[in-house]
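Heads up: the structure comes next, in structure tokens.
Residue numbers (UniProt numbering): 1 to 66.
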């Protein structure tokens, strides 16, 4: 995916970073909506945990993994 659909997952900070806008995906505090906000690694609403995330497989598939 490219352009408006290009995200990078940082497994260390657990954030989904939107490449074009340089923002991170976050859940609103009422858990009703997803929004894009300034990246803040201490913001719990920007933490995304994927079960069975395998960094090596993601890299092998061509995904950018920080």
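C-beta: ideal position from N, C-alpha, C; glycine also.
query	result
Give me the residue from 5, 11, 4 and 49 with the minimum Cα distance to residue 55.	11
Considering only residues of the same chain and omitting the five flanking positions on each side of residue 40, which have a CB-CB separation below 7 angstroms?	46
Using only the alpha-carbon positions, how far apart do residue 13 and residue 27 sit?	16 angstroms
Report the rounded CA-to-CA distance for residue 32 versus residue 8, giving the unit in angstroms.	23 angstroms
Quick one: residues in its chain with C-beta nearer than 8 angstroms to the C-beta of residue 19, no 5 flanking neighbours on either side, listed in chain order?	6, 7 and 8
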